[in-house]
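Residue numbers (this note's numbering), protein chains in the order written: chain Z, 140 to 509; chain R, 140 to 509.
Ideal Cβ placement from N, Cα and C applies to all residues, glycine included.
I have placed the structure first, in the form of structure tokens, so that the comments after it can refer back to it.
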């Protein structure tokens, strides 16, 4: 292999692919990237056996071939190069990197040992705008379980039905559901591993181009094609819980409140709740106020009052204040609603857009027993 | 104690004082701040028994008194408050914090248990501009030893002689010396603990006001008065090594080189030197080039060439490339000089300002045996 490539393009591609590579994999080749030529393109491939990324970039190819080199060192080296263009030459299994005033040689591993990343050759099943995919993943993914004991919860449920795409994640203490309209006639149901969702969020946050994302699917795998980047991931097998039945359809108390004021009050309450499992108490008074309190015997106690529009009965509920901060940080509207039905039933949080509850996003927090 | 105070002022003061407080001190009162009134001022005091900070701020004092509360929680609480003004009321040993819509109570400790921070009452011994003190500390302090087995090396030597202030720090592998002119007739010699130097760097980087710093001294303590902030520290006892004798007065080879080019080449060399004690080789050729190489048998090797002006013999030297990056990151001139006298003698780095070596800053790196 002998190629000449722009430093800027190579550096951008390495920033995307090298992050999935472990730096301490027990199998040495998993610390490496694969660099290979395909027609007039150079392909950079990286995998951790769960997620694979392939990034294709243009280059001047003088000799075809492939080479596998340590991902971290190669990325850091290319990022440090103060040059427009560089030359990559594979000699045996090693890679020589040359610029006008530098010559490096990286010890590689036989590229045949690099694990195959199985691409999906079928037609894409649906297409979504890159910025839209980023926002729906970011609104939902942080609720997936980090505990792998219930595999389906360590992922994001993605389903398509009647021109609607729905994403759901839950760790059984809280749940987020986002629905968006999408032109489509397919019926699809798949569970995306949380690490894949996080990688997609990272990649989509860092690409400049808008454009669309093509999504390919088999029974066991999913592929996202984002411009010249392909992200291939296994899917989680298993059944996602039938979550719709735990979202109450009606509530006995509805609170409309300024989001920034609520967020500020809950953040302060959380300072006092750190040593008591983040439990805060929300007391809703029919007078049009909510009182947020927390305490820890070692530390002290706190009480904040904020104005709110209340429909229905006054009541108290104990919830995990960190979950409430998480969702209020995600919601972008100025006002939010809380729907409650007694202290033992879930609390539902939704954005309020133009004085109307936006039911395309639903966040549920299970109450704590006091 | 009952006071009314601006949130902005209190928050700024807490950001300065609370950082010296440990969050896990074995003596509970050392996790706390002392808040006390003095005439029309409120004093915030914090100490870790090595360094003490006292910050005085204006406030409306309705009742005199003092209280001692957990530093971290109080700072986070004040930082979160969305208010112009707040009221602090000490009740028994606890502190009530009140705003229009919030009331907190923090459990405190009897303020009599708070350790005294001994201020120096004498006249200041000298005065230096705050921005100047910041820059000289930053140029020198990072070379102090982190190993406490030779106490004098875990500090910054500060001495005043004939209108010149000199700061020196060394960990015995490298050394930095900075001299500045200062109007003064005193003779002073003291060793500042590295943690105090780091705290001063942090405080001086974050204050807006320029102004001067008054420096007070006893045989065992030093006090820096920076506007309304006082930093009081013990001094290190012991003798600082007679460092001047290891700085060679002449060299056999002098290199003048572009700083950015050298920094870039050394950073790249360091990528390959991580597994070989950061050893890089600098080969100086009489042809007007320097060649920087490094290698690790596991990883690969690298060679960069940069143009330079050479006076004297060609030669090779092995040094720790991370030390060279550290000093090149600190030097602000476009060009630097290296003075060398053979592969077993130290390498001296100095800024070149207007084509002249600036001898007010001297950085020394001991060579590695190859």
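| Asked | Found |
| --- | --- |
| Assuming residue 330 of chain R and residue 296 of chain R make a contact with CB atoms under 8 Å, what is their CB distance in whole Å? | 5 Å |
| CB-CB under 6 Å to residue 377 of chain Z, same chain, minus the five flanking residues each way: which ones, in chain order? | 290, 291 |
| Where do the N-terminal and C-terminal ends of the beta strand (DSSP E) with residue 363 of chain Z fall, by residue? | 360-365 |
| Pick helix, strand or coil for residue 312 of chain Z, following the three-state DSSP scheme. | coil |
| Can you have a look at residue 453 of chain R and say buried or exposed, based on whether 16 or more other CB atoms are within 10 angstroms of its CB? | exposed |
| Exposed or buried, which one is residue 167 of chain R when buried takes at least 16 other CB atoms within 10 Å? | exposed |
| How would you list, in chain order, the residues of chain Z whose beta-carbon sits under 9 Å from the beta-carbon of residue 403 of chain R? | 219, 220, 221 |
| In three-state DSSP terms, what is residue 499 of chain Z? | coil |
| Under a Cβ-count criterion, where at least 16 other Cβ atoms within 10 Å of its own Cβ denotes burial, should residue 225 of chain R be classed as buried or exposed? | buried |
| I want to see whether chain R comes within less than 7 Å of residue 149 of chain Z, judged by CB atoms only; does it? | no |
| Might you give, ordered along the chain, the residues of its own chain that have their beta carbon closer than 7 Å to the beta carbon of residue 439 of chain R, omitting 5 neighbours on each side? | 411 |
| Using CA coordinates, which residue listed in R:365, R:357, R:469 is at the minimum distance from residue 350 of chain R? | R:365 |
| Looking at C-beta atoms only, is the number of pairs between the region 243-251 of chain R and the region 201-217 of chain R that lie closer than 8 Å three or more? | yes |
| Give me, in chain order, the residues of the same chain whose beta-carbon lies closer than 6 Å to that of residue 460 of chain Z; leave out the 5 immediate sequence neighbours on both sides. | 405, 408, 409, 412, 417, 419 |
| Three or more C-beta pairs closer than 8 Å, one from the region 428-435 of chain R and one from the region 498-506 of chain R: is that the case here? | no |
| What are the boundary residues of the alpha helix (DSSP H) that includes residue 265 of chain Z? | Premise fails: residue 265 of chain Z lies in the beta strand (DSSP E), 265-268, not in any alpha helix (DSSP H). |
| Quick check: what's the CA-CA separation for residue 434 of chain Z versus residue 143 of chain R? | 24 Å |
| Could you check whether residue 343 of chain R and residue 361 of chain R sit closer than 7 Å to each other, using their CB atoms as the reference points? | no |
| Which complete beta strand (DSSP E) runs does the region 213-241 of chain Z hold, if anything under 3 residues is left out? | 224-230, 233-238 |
| Could you give the distance in angstroms between the alpha-carbon of residue 252 of chain Z and the alpha-carbon of residue 283 of chain Z? | 34 Å |
| At 3 residues or longer, and completely inside the region 349-424 of chain R: list those beta strand (DSSP E) runs for me, N to C. | 351-356, 360-365, 368-373, 392-397, 418-424 |
| Report buried or exposed for residue 269 of chain R, applying the criterion of at least 16 other Cβ atoms within 10 angstroms of its Cβ. | buried |
| Chain R partners of residue 426 of chain Z, CB-CB under 7 Å? | Result: empty, since nearest Cβ-Cβ is about 14 Å, beyond 7 Å. |
| Examine chain Z for any beta-carbon lying closer than 7 Å to the beta-carbon of residue 439 of chain R, and answer yes or no. | yes |
| Give me, in chain order, the residues of the same chain whose beta-carbon lies closer than 8 Å to that of residue 312 of chain Z; leave out the 5 immediate sequence neighbours on both sides. | 459, 462, 504, 505 |
| Residue 479 of chain R by DSSP, collapsed to three states: which one? | strand |
| Using three-state DSSP, classify residue 115 of chain R as helix, strand or coil. | Residue numbering for chain R in the displayed model covers 140 to 509; residue 115 of chain R lies beyond these limits and cannot be assessed. |
| Should residue 317 of chain R be labelled buried (16 or more other beta-carbon atoms within 10 Å of its own) or exposed? | buried |
| Could you say if the region 158-177 of chain R and the region 479-494 of chain Z meet the contact criterion of at least three C-beta pairs nearer than 8 Å? | no |
| Under the three-state reduction of DSSP, which class applies to residue 507 of chain Z: helix, strand or coil? | coil |
| In angstroms with no decimal places, state the Cα-to-Cα distance between residue 341 of chain Z and residue 272 of chain Z. | 12 Å |
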